[in-house]
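K.L.:
Under this note's numbering, the residue at position 169 of the sequence shown is numbered 554, and the numbers go up by one with no gaps.
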Amino acid sequence: MPHPIFDQAEFDSRIGRLRAVMARQGVAAAIFDEIEAMAWLGGYGSSLNRWRCLVVPLEAAPFILIRALDASVCRAQSWVPEVLSYQDWADPMPVLAAALNARGLASARIGLDRNSYAMSLARFDALQAALPRAGFIDLGPLVHELRLIKSPAEIALLRRSAGVADTAIAEAAAALNVGGTQRDAAVAVTACFLRMGADPSLPGPISTVTGWDFLHAPLDTRTLTQGDMVHIELTPRIAGYSARIMRCVSLGPPSDAAQRATEALIALQDAQIAAMRPGASAREVDAILREGVVRAGLRDSYDNITAYTLGLYAPQTPRTSDFTRILTPVADWPLEAGMVFHVYASAGGSAISETVLVSEAGPERLTQAPRRLIVNA
């Protein structure tokens, strides 16, 4: 069936790029079982409660293998012409082996991602046992690499998601008050996501600031008091495509140190974003913020990345961030037009981030919320 979001030309392009690599590597069929790869190539992915996969032969139509309970939804959501199913108590590997054998692929060179979180050692053993004459070739993070350069349709979804992030960050900040809790912001964000057409999802990390490494603390129910600084990172998705934004909210006047730290981070990050042009060295772009923060005395060392890839995040994935490309001191690759990043910085009890598109015209900040420390009097 036609996909509800992308036209067939979008998927044909993705499959064509994949098959070009398969042909160069002598791979007759490729098996993908990470939900991101299945969704990006086939238009549908489901949880790992039962194993499922998308198979892309080099010279035949792709097919999906999935538990029977999810087969009808898969057929309604995916463009892939054939969906095979199995009962929940059955072993899926014989079904997969029979399908490959019917296509003359039981003894072929078959590609897969050996680092897939869905391909456990036991599952790979079962796959080899079901296909004893096949040769298995590690394709590595091939689909992750293919996903790096976003199509116009993908960028349009990320723009919409960024618009949701901008509105939600304002509503989250307004919901934080002395006597309330972090959950007030979470309620506001979740309602905003759904009201604006974003996917049902968790809001993102919301925590009370304690240092530079407070970003991923869990939501708590402690009563907020005057002087608290609350960190908000929002991760809305539209059709799985996630934009991200971070701001801090001060309950009452912020300390001079927090205000200075925020202003310094903004200035350094502005310079970093301005450098995010096609052909720019990733490590040099990273150094603008990393070295600047340490030089300003805001941190003794900067031990985390300063940006990572954005794009498709399926709701059931265990991978909450995509580190296919990250800005670090050893990032030895050039930025390319069509890449999208979550650019983030934290130091001195403050944090700020944006969703940034690298384009031929230069960097574009997709998130547009005011860049400042938000103060709730």
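Ideal Cβ positions, reconstructed from N, Cα and C, are used throughout, including at glycine.
On a predicted model such as this, the values are computed, not experimentally measured, just so you know.
Indicate whether residue 676 and residue 693 have their beta-carbon atoms separated by less than 9 Å.
P.N.:
no
K.L.:
So what's residue 421 in DSSP terms, helix, strand or just coil?
P.N.:
Here DSSP, grouped into helix, strand and coil, assigns residue 421 to helix.
K.L.:
Roughly how many whole angstroms lie between the Cα atoms of residue 669 and residue 714?
P.N.:
Here the alpha carbon of residue 669 sits roughly 8 Å from the alpha carbon of residue 714.
K.L.:
Label residue 398 either buried or exposed according to how many other C-beta atoms from any shown protein chain fall within 10 Å of its C-beta, with 16 as the threshold for buried.
P.N.:
exposed
K.L.:
What residue from 499, 501, 484 has the CA that sits closest to residue 493's CA?
P.N.:
484
K.L.:
Could you spell out the range, first to last residue, of the beta strand (DSSP E) harbouring residue 752?
P.N.:
No beta strand (DSSP E) contains residue 752, which DSSP labels as neither H nor E.
K.L.:
I'd like to confirm the pairing. Which residues does DSSP put opposite residue 578 in its beta bridges?
P.N.:
Answer is none; residue 578 lacks a bridge partner.
K.L.:
Is residue 650 near residue 736, with beta carbons less than 9 Å apart?
P.N.:
yes
K.L.:
Anyone know if the C-beta pair for residue 725 and residue 740 falls short of 9 Å?
P.N.:
yes
K.L.:
Please list, in chain order, all residues of the same chain as residue 629 whose beta carbon is under 6 Å from its beta carbon, the five residues on each side excluded.
P.N.:
620, 727, 740
K.L.:
Below 9 Å between beta carbons: does that hold for residue 564 and residue 608?
P.N.:
In contact: residue 564 and residue 608 (Cβ atoms closer than 9 Å).
K.L.:
Which value, in whole angstroms, describes the spacing of the CA atoms of residue 392 and residue 645?
P.N.:
48 Å
K.L.:
Here's the rule I'm using: 16 or more other beta-carbon atoms within 10 Å means buried, otherwise exposed. How should residue 510 be labelled?
P.N.:
exposed
K.L.:
When DSSP builds the beta bridges, which residues end up paired with residue 467?
P.N.:
Paired residues: 448.
K.L.:
At which residues does the alpha helix (DSSP H) containing residue 679 begin and terminate?
P.N.:
The continuous alpha helix (DSSP H) containing residue 679 extends over residues 667-680.
K.L.:
Determine the extent of the beta strand (DSSP E) in which residue 354 is found, giving its start and end residues.
P.N.:
Absent from the structure is residue 354, since the part of the chain shown begins at 386 and ends at 762.
K.L.:
How is the alpha helix (DSSP H) around residue 401 delimited, first residue to last?
P.N.:
393-410
K.L.:
By how many angstroms is the C-alpha of residue 696 removed from the C-alpha of residue 634?
P.N.:
Counting only the Cα atoms, residue 696 lies some 27 Å from residue 634.
K.L.:
Run the proximity test for residue 624: is its beta-carbon closer than 8 Å to any non-hydrogen atom belonging to the ligand FAD?
P.N.:
The ligand FAD is absent from the structure shown, which contains no ligand whatsoever.
K.L.:
Could you check where the alpha helix (DSSP H) with residue 508 kicks off and where it finishes?
P.N.:
506-515
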